[in-house]
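What follows is a single structure, written as structure tokens, with notes after it.
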Amino acid sequence: MIYILITQNRGEPVMLSFRLLTIPILLVLTIIISLYAQSSPSPVELIRKRNETIQKILETAGETVDAATKEKLKNIINDLIDFHELSRLALGKYWKERTEQEKKEFVDVFRTLIRNSSVKKLEIYRADRIEYLPSEINGDKAAVTTIAYKGNKSVEIIYKMHRVNGQWKVYDMVIDGLSTARNYRDTFYKQIAKSSYQEMYSKLKKRVEEK
Numbered sequence: 336m337i338y339i340l341i342t343q344n345r346g347e348p349v350m351l352s353f354r355l356l357t358i359p360i361l362l363v364l365t366i367i368i369s370l371y372a373q374s375s376p377s378p379v380e381l382i383r384k385r386n387e388t389i390q391k392i393l394e395t396a397g398e399t400v401d402a403a404t405k406e407k408l409k410n411i412i413n414d415l416i417d418f419h420e421l422s423r424l425a426l427g428k429y430w431k432e433r434t435e436q437e438k439k440e441f442v443d444v445f446r447t448l449i450r451n452s453s454v455k456k457l458e459i460y461r462a463d464r465i466e467y468l469p470s471e472i473n474g475d476k477a478a479v480t481t482i483a484y485k486g487n488k489s490v491e492i493i494y495k496m497h498r499v500n501g502q503w504k505v506y507d508m509v510i511d512g513l514s515t516a517r518n519y520r521d522t523f524y525k526q527i528a529k530s531s532y533q534e535m536y537s538k539l540k541k542r543v544e545e546k
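The sequence shown begins at 336 in this note's numbering and counts up by one.
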């Protein structure tokens, strides 16, 4: 126990417990953190807002989406993605074998691949209706499930998210049961097994540059 001596008006010292002094401080901090958490958008709110923004752009663009609009959509679609974590998951056991420079180069190329691919599947945002299920939050991780309905068909997407510097970011998307990270990981593993990481990376980079 730590005590602090303070002086009353008549000069008589009074001993106060440091523990008692910290209680108001901790209370204030708890309130501030609570208010910050309430003001921050929830995972499902982030996904909903992103999707609604994309839908509005597509409604304005019509059936034909020009290059400038596609570039704008790339930014919006991928703004929530944590490409470093998605890259780590996609590369799996080979990630830790890479140098820091190789990791950076892979993330850059993989980011471009994902961005380019994201505007090839715009029909999902032209759905008649998108249902948003409540977020499943467990500490710093969350999962948001959406179901897009178009006619008599539906597509389920689960956005796996985690906190990065206090912000919710997507690190994997599971589309109708198929994990994006696992799908790419299976492909990369096969290519590396046939040749080498360097060969796989060179082909991936060439593929991206040709787009």
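Note that the Cβ used here is the ideal one computed from N, Cα and C, for glycine as well.
Query, Result
"Would you mind working out which of I482, D443, I459 and Y460 sits nearest V543, comparing C-alpha positions?", "D443"
"Going by DSSP, what residue range makes up the alpha helix (DSSP H) through V444?", "E435 to S453"
"Specify the secondary structure class of V543 as computed by DSSP and reduced to three states.", "helix"
"Tell me the rounded alpha-carbon separation between I510 and L381.", "18 Å"
"Within the continuous beta strand (DSSP E) that includes I493, where are the two ends?", "K488 to V499"
"Measuring alpha carbon to alpha carbon, tell me which residue in S530, V505, K504 and M535 is nearest Y519.", "M535"
"Rounded to a whole number of angstroms, what is the C-alpha to C-alpha distance between P469 and V379?", "7 Å"
"From the DSSP output, in three-state form, read off E432 for me.", "coil"
"Here's the rule I'm using: 16 or more other beta-carbon atoms within 10 Å means buried, otherwise exposed. How should S530 be labelled?", "exposed"
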